[in-house]
Structures are given as C-alpha cells and as structure tokens.
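Trainee:
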Amino acid sequence: MRTLCNAVGIALAIAPAALAADLTLGTPAEGALTAEDPQNPDGKFEDIYNLALEAGQTVIVTCQGQGIDTMLIVTAPDGTATIDDDSAGNLNPRVVISSSQSGVYKVTVTTFSAGATGRYRLTAETGEQRRLALGEPADVELTGLPLTLSLPLEAGQAVQIAATNCTFDASLTAVGPGLPQVFADDYTGRREPRLHLIAPQTGTVSVIVNSWSDPRGRATITATLLTPDTRIDYAGGAPSVTPLTLAPGAECLRVSVAAPAG
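Just so we're aligned, residue 137 is where the sequence shown starts under my numbering, counting upward by one.
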C-alpha cells in the first residue's frame, strides 16, 4: 500500500488498483466498510472505486451511510483531491465533479471516525443540466437531486451568482476550468445564497443548486456581470464590495471593502 499526501496535508492511503471497483453513472453501488478493508494512516477503513469521465462532464457523487458517518475523497487524474463530509445532509457526503480532464477519477469511501464500520450506498449521477446566461434569470425546480447550470464566461470576468425566491434552504456551488470550488449557503441570514467569482480562464462554469437538507423546491438563479460601477450592498451590517475589472496585463482584481464601524 502506498501513502500519498495532498496539498492540504491530509494523508491518503491508496489501495492496490486491483482492489478498486468500477463505479458507473446511474448505477448505485451497495457496499460496506469492514475490518477487512484497507486502513489509512488515521485508522479509517476505505473502499475505492474507479469512475471514468470525459472532460466537460458534471457529476454528483453521493454516499448514504447506514448507521455510519461516511466521508468521500474524490481524486482527479492529475492528483487533485476533493474531500467532503456532510454536504448531502444527515451526515452524508456529496462531491460535485466538474471534469476539466478526461480519465479515471478515484472515489474513496471512508468514515469521519477511525475504526467505524457499516454499510453504505454510493451513487454517481449527472442530474438535470441547464444553461445559464449573464443577466437572464433562470427559474429552477429541484425534485430531489441537485441541479447544474452551465454558465459560459470569459477570462477575467467577475460575476455575482444569486439564488432568490427560494422555497427551500438553497446552497450554491461554482466549479470550472482553473477555478477553485466556490460555495455559498445563507446570505445575511436569509435562505438566499449569493457567491462571487472571477473566471481565471475562458470556459464554462458549472453552477450547482443544492440544499443542506432535501433538495426540493423552487428558486430563481441570476448571474450578474460586475463592472467598475457595480456596488454590492449587503444588509445586516455585512461589508459592501466594489469590484474593478482587470486592466490589460494585470494579474489580479482590486477589491475595495467598506464595513460599518464596530
């Protein structure tokens, strides 16, 4: 068994390839973590699955534990790892993969606590996918699975993505080429998340609409292009932010922040 450490310093135990099972889109895998499974350096048992994806696919991987607090580690072909514990609610992990590269993704099922054992159900699904355009609100309805919206952006564009008129406790996640995952939950105490990002390169950003609990309900999703004249005023005493566009040859975006005294 080989032990690798990723960029955030978490040790991952990689079992021999022969022990990895195939995970197929749309076909649930029923499994169990037992004392016979390989253990990582933290003493947690692991099952490993291979998930073959093409570049440009957006896939939702969810693990439902039966009496155990499961975790997911998804490792891309380039070695980048995404780790999740409870994003699907009820101690169940969920990872959204926006594949920028074709190849085999390693999906590791493990637990939050060392030595825990029990059964689980692992799924990989594409879910519903729609297009989102700048300045054009999209009315969406979730019926039990997260919804993915494809947002084309050019390098350097700064945008705000907001969920309004929500009938459920919505969350937003944005992933895309060269973009670290951006997540937003409640916005100033309301169940209407907003997130802000700058596209590092031209391409399609996947905006995943989800929920901390049961993803069922309606919402309006709007992507707004931020310009030097845009000012975002946050209610409830939170900061206001004025983004400035990138100048030719610049490597960063200046952001001015103003917050109330105290």
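Note that CB positions come from ideal geometry on N, CA and C, so glycine has one too. Only a predicted model underlies this, so the values are computations on that prediction, with no experimental measurement involved.
Does the segment 221 to 228 come within contact of the segment 177 to 186, defined as at least 3 CB pairs closer than 8 Å?
Mentor: Judged by Cβ distances under 8 Å, the segment 221 to 228 makes no contact with the segment 177 to 186, as fewer than three pairs qualify.
Trainee: At what residues does the beta strand (DSSP E) containing phenylalanine 319 begin and finish?
Mentor: Sequence index remark: in the sequence shown, residue 319 carries index 183 (1-based). From DSSP, the beta strand (DSSP E) with phenylalanine 319 extends over 315 to 320.
Trainee: Starting from lysine 242, trace the beta strand (DSSP E) in both directions and tell me its first and last residue.
Mentor: Counted from its first residue, the sequence shown places residue 242 at position 106. Element bounds for lysine 242: 239 to 247.
Trainee: Within the continuous beta strand (DSSP E) that includes alanine 294, where are the two ends?
Mentor: Sequence index remark: in the sequence shown, residue 294 carries index 158 (1-based). Its beta strand (DSSP E) spans residues 294 to 300.
Trainee: Taking the C-alpha atoms as reference points, what is the distance between threonine 163 and leucine 285?
Mentor: Counting from 1 along the sequence shown, the entry for residue 163 is found at position 27. Counting from 1 along the sequence shown, the entry for residue 285 is found at position 149. Going from the Cα of threonine 163 to the Cα of leucine 285 covers about 23 Å.
Trainee: For arginine 327, collect the residues of the same chain with a Cβ closer than 7 Å to its Cβ; drop the 5 residues on either side in sequence, then sort them by chain order.
Mentor: Locating residue 327 in the sequence shown gives position 191, counting from the first residue. If we look at arginine 327 and ignore the five residues flanking it on each side, its Cβ neighbours are Cys302, Asp305, Ala306.
Trainee: What does the alpha-carbon distance come out to for the pair leucine 106 and glycine 292?
Mentor: Because the chain is modelled from 137 through 398, residue 106 falls outside the range shown and cannot be assessed.
Trainee: Do you know whose CA, among Pro288, Ser347, Thr340, Pro336, lies nearest phenylalanine 319's CA?
Mentor: Here residue 319 is taken as the residue at index 183 of the sequence shown, counted from 1. It is Ser347.
Trainee: Can the beta-carbon of valine 245 be found less than 8 Å from the beta-carbon of leucine 308?
Mentor: Within the sequence shown, residue 245 is the residue found at index 109, counting from 1. Within the sequence shown, residue 308 is the residue found at index 172, counting from 1. No, the pair does not count as a contact, with Cβ atoms beyond the cut-off.
Trainee: Considering Cα atoms alone, identify which of Pro329, Thr338, Gln337 is closest to threonine 356.
Mentor: By 1-based counting over the sequence shown, the position of residue 356 is 220. Ranking the options by Cα distance to threonine 356, first place goes to Pro329.
Trainee: My output table needs one value for alanine 156: the three-state DSSP class, helix, strand or coil.
Mentor: Locating residue 156 in the sequence shown gives position 20, counting from the first residue. In the structure shown, alanine 156 sits in coil (DSSP, three-state: anything other than H, G, I, E or B).
Trainee: Give a yes or no on whether the C-beta atoms belonging to valine 240 and leucine 159 are separated by under 8 Å.
Mentor: As a first step, residue 240 is located in the sequence shown; it is residue number 104 there, counting from the start. As a first step, residue 159 is located in the sequence shown; it is residue number 23 there, counting from the start. Their beta carbons are not under 8 Å apart, which means valine 240 does not touch leucine 159 by this criterion.
Trainee: Would proline 126 and glycine 314 qualify as a contact pair, given that the criterion is a beta-carbon distance under 8 Å?
Mentor: Nothing about residue 126 can be reported from this structure: the residues present for the chain run from 137 to 398 only.
Trainee: Is it buried or exposed, arginine 400, if we count other Cβ atoms within 10 angstroms and call 16 or more buried?
Mentor: The structure shown does not extend to residue 400, since the chain is modelled only from 137 through 398, so no value can be given for it.
Trainee: Hey, proline 273 and valine 345: beta-carbon distance below 8 Å or not?
Mentor: Position 137 of the sequence shown holds residue 273. Position 209 of the sequence shown holds residue 345. Contact flag unset, no.
Trainee: Out of Ile233, Thr206, Gln200, point me to the one whose CA is closest to proline 213's CA.
Mentor: Residue mapping note: residue 213 aligns to position 77 of the sequence shown, counting from 1. Minimum Cα distance to proline 213 is reached at Ile233.
Trainee: Alpha carbon to alpha carbon, how far is alanine 156 from serine 238?
Mentor: The residue you call residue 156 lines up with position 20 of the sequence shown. The residue you call residue 238 lines up with position 102 of the sequence shown. Those two C-alpha atoms are separated by around 19 Å.
Trainee: With contact counted as at least three CB pairs below 8 Å, one residue from each stretch, are the segment 264 to 271 and the segment 196 to 207 in contact?
Mentor: No, because fewer than three Cβ pairs between the segment 264 to 271 and the segment 196 to 207 fall closer than 8 Å, the two stretches do not touch.
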